[in-house]
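Structure first, then comments.
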Amino acid sequence: MIFNRNDKCWCGSGLKYKKCHMEFDERLKSLKQEGYKVPTRKMIKTPEQIEGIRKSAKINSGLLDLIEENIKEGMSTEEINTLAHEYTVARGGIPADLNYEGFPKSICTSINDEVCHGIPSKDRILKNGDIINVDATTNLNGYFSDASRMFEIGVVSEEAGKLVEVTKECLYKGIEAIKPWKSSLGDVAAAVQEHAESNGYSVVREFGGHGVGLAIHEEPFVYHFGKRGTGMILVPGMIFTIEPMVNGGNRKIFIDKENGWTVFTADGSLSAQWEHTILVTEDGVEIISK
Ligand code: MF3
Ligand code: CO
Ligand code: CO
Numbered sequence: 000m001i002f003n004r005n006d007k008c009w010c011g012s013g014l015k016y017k018k019c020h021m022e023f024d025e026r027l028k029s030l031k032q033e034g035y036k037v038p039t040r041k042m043i044k045t046p047e048q049i050e051g052i053r054k055s056a057k058i059n060s061g062l063l064d065l066i067e068e069n070i071k072e073g074m075s076t077e078e079i080n081t082l083a084h085e086y087t088v089a090r091g092g093i094p095a096d097l098n099y100e101g102f103p104k105s106i107c108t109s110i111n112d113e114v115c116h117g118i119p120s121k122d123r124i125l126k127n128g129d130i131i132n133v134d135a136t137t138n139l140n141g142y143f144s145d146a147s148r149m150f151e152i153g154v155v156s157e158e159a160g161k162l163v164e165v166t167k168e169c170l171y172k173g174i175e176a177i178k179p180w181k182s183s184l185g186d187v188a189a190a191v192q193e194h195a196e197s198n199g200y201s202v203v204r205e206f207g208g209h210g211v212g213l214a215i216h217e218e219p220f221v222y223h224f225g226k227r228g229t230g231m232i233l234v235p236g237m238i239f240t241i242e243p244m245v246n247g248g249n250r251k252i253f254i255d256k257e258n259g260w261t262v263f264t265a266d267g268s269l270s271a272q273w274e275h276t277i278l279v280t281e282d283g284v285e286i287i288s289k
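For the sequence shown, position 137 matches number 136 in numbering that gives the first Met the number 0, and the numbering has no gaps at all.
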């Protein structure tokens, strides 16, 4: 679509295009001509959408806070699911994982050698020394947010504690690599990968982060391995997740044949993951899911 200088901007700000996103669009166009991969307009959120996604993320973070306060040894993952589900519904949200491509529960709970997509169950009881990832996605009024955290149950081994910490650092290294108009998805990927591998860990490659906001999974795919200076340039208004899955052993995985969902490390080693929803701003980043 071509915008006239004096038309109202496509972003819904109410301003004339020339006073709003015209310069932005020209900047993208020239980067594209220089050979860079650039986001499509669908990947740029409008101020109204950003506001909606922020509100959604508030519920999503609130439910993770609630779980953080309550999670303990002896609890079933079903009980964690119920806490999350009821918190979300009471605030007008919909747990977006529920029925997503047939997923049967409202959150993912992945313990120890489970990499992701663990299914909450009344038969899965948390034990002292477990590490667990709780991953929640919230839909509020059609706006989606997505985040996950690790929790340590009781006293965990030094090995498990270090994996959890380093994986969190990987997420933050990825976030810090975002420089609007300057860095690319390859820079984020390389920052994550280098930190994991320099600690002797491996990064799962089959799953990655993703654009998010108007659906649970949008473009672009956000790699956690790769080369600096490659991939799509990051510009203000993009919203996506960074969610490294880091294994204590090698990066090979398999998917549970019975439930078709739960991903395990092939070598039985521990795996950790942290996830945030990120907004690229004019001068840096905002962690929407804080
Ligand atoms: N929250 C997950 C993600 O980070 C998506 C889970 S989809 C489900 O992308 F169906 F497994 F719940
Ligand atoms: Co995600
Ligand atoms: Co998630």
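Ideal Cβ placement from N, Cα and C applies to all residues, glycine included.
Any non-hydrogen atom of ligand 3 closer than 7 Å to residue i Cβ
i    : result
T136 : yes
D145 : yes
E242 : yes
E67  : no
Simplified DSSP state of residue i, which is helix, strand or coil
i    : result
V203 : coil
I287 : coil
M21  : helix
T167 : In the sequence under discussion, the amino acid at residue 167 is Lys, which differs from the Thr named in the question. The answer is helix: DSSP assigns K167 an H, G or I state.
I118 : coil
V191 : helix
D134 : strand
V211 : coil
L30  : helix
L233 : coil
Sequence-distant residues of its chain with Cβ nearer than 8 Å to residue i (five each side left out)
i    : result
N258 : I118
G228 : S183, G185, D186
I93  : T87, T137, N138, L139
F253 : V262, F263, A265
E168 : H194
D6   : K15, Y16
C-beta atoms of residue i and residue j nearer than 8 Å
i    : j    : result
L125 : E67  : no
V202 : A195 : yes
D96  : I106 : yes
T240 : V221 : yes
S144 : A83  : no
G141 : L213 : yes
Same chain, Cβ closer than 6 Å to residue i, five either side skipped, listed in chain order
i    : result
F150 : I70, I131
Contacts around residue i, its chain only, beta-carbon distance under 7 Å, and the 5 residues preceding and following it disregarded
i    : result
S12  : C19, P46
H216 : H209
K172 : A190, V191, H194
M231 : K36, V37, P38, S183, L184, P219
Contact test: residue i Cβ vs ligand 2 heavy atom, cutoff 7 Å
i    : result
T166 : no
Distance cut-off 7 Å: residue i Cβ against heavy atoms of ligand 1
i    : result
Y99  : yes
I215 : yes
D96  : yes
Contact with chain B by residue i, beta-carbon distance below 8 Å
i    : result
E242 : Chain labels in this structure do not include chain B; a single protein chain is all it has.
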